[in-house]
Each structure stands twice: as structure tokens, then as C-alpha cells.
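**Q** Per the working numbering, the very first residue in the sequence shown carries number 12; after that it's consecutive. Just so you know, even glycine gets a beta-carbon here, dropped at the ideal spot from N, CA and C. Sending over a structure as C-alpha cells; questions will come in a sec.
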Amino acid sequence: MRNEIWHSPFLDLIPKDKYEMQLIQGEEQCLVIHLHGQHSHVTLDFGIAQAVNILDEGVQLAPSPGVCFQNQQELHRSGFPDTLYHVENGAYAAYIQVCMTRELYEAMKLRQFNLVTRNYVVEIICIGEPAITVN
């Protein structure tokens, strides 16, 4: 059983809003996500992302088989107070580690982040925290 924990290190950086997402991924711009809310516009620049998975929010917010989402009830009860989470011991990270080997994953110091918007959950595997711009 995998114990997946979602942390909220960006709670004070990204204003609470109901965001719609525009995701841009390519060789020149790498991974950039624009969040358009009723009150705020946020840009998240992840740089080079090794993996990205986009799911309808109803799919991801139910636990995967064999995964114990430790703080799921707390996050659901509070209405997912943050938009971007650092995920510790994530199921998606485990999948990517199998694909590329755990040794390479750890040598690259990769991390999993989950972005929760109005309609989607985006799982991102990348080297560091994104550059965050709020307008």
C-alpha cells in the first residue's frame, strides 16, 4: 500500500479562486500553465517536465487501487484549499520511476506536483518548483 500525501507549500502564493487552465507544452517554452480565475491570473512555469498526466478531476480525486491518499478527506472537507500541491510518495511518481528506473529518478532529483483546477487534476514530474507569477 502506497501512502500518498499532498502538501500545500504554495498556499500563500496562489490566490484561492476557481481556475480554468491553459496548458502549453513544447520544446521552446517547456511546460507553462496559465490559470484564469474570476479574480486572478496565475502563470506556472515548470521548465522542462519529464512527465505530465491530465485527468478529469473526478477521476483523480478518488484514490487509485493500492494507494492510501492520507489527507484526502481533509482536503475534500476543506474544498482543496490550495491549487498546487507537492505530492510525497505519489502513485504517478512511482509509475514514472518504473518507466525510467528509480535510480535515474532520484539522481535527477525529480518531484511530483499536482495542480487542481475547476475541471482537471494535472500530475507533473519535474526537477524543481515552478516559477509562479500572479496578476
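#1: Roughly how many angstroms lie between the CA atoms of Tyr-96 and Thr-112, to the nearest whole one?
#2: Among the candidates Asn-130, Arg-129, Leu-121 and Tyr-131, whose CA atom is the shortest distance from the CA of Pro-141?
#3: Quick one: Cα of Arg-88 to Cα of Ile-35, how far?
#4: For Arg-4, does the three-state DSSP call read helix, strand or coil?
#5: Apart from the five residues just before and just after Glu-31, which ones in its own chain have a Cβ nearer than 8 Å to its Cβ?
#6: Between the Cα of Gln-61 and those of Gly-139, Trp-17 and Val-145, spot the shortest distance and give me the residue it belongs to.
**A** Reading from the atomic positions:
#1: 24 Å
#2: Residue Leu-121 is the option with its Cα nearest to Pro-141.
#3: Residue confidence for Arg-88 is low, a pLDDT of 49 falling below 50, so the modelled location carries little weight; the figure read from the coordinates is stated next. The straight-line gap from Cα to Cα measures roughly 31 Å.
#4: With the chain covering only 12 through 146, there is no way to say anything about residue 4.
#5: Leu-46, His-47, Gly-48, Thr-128, Arg-129 and Asn-130
#6: Gly-139
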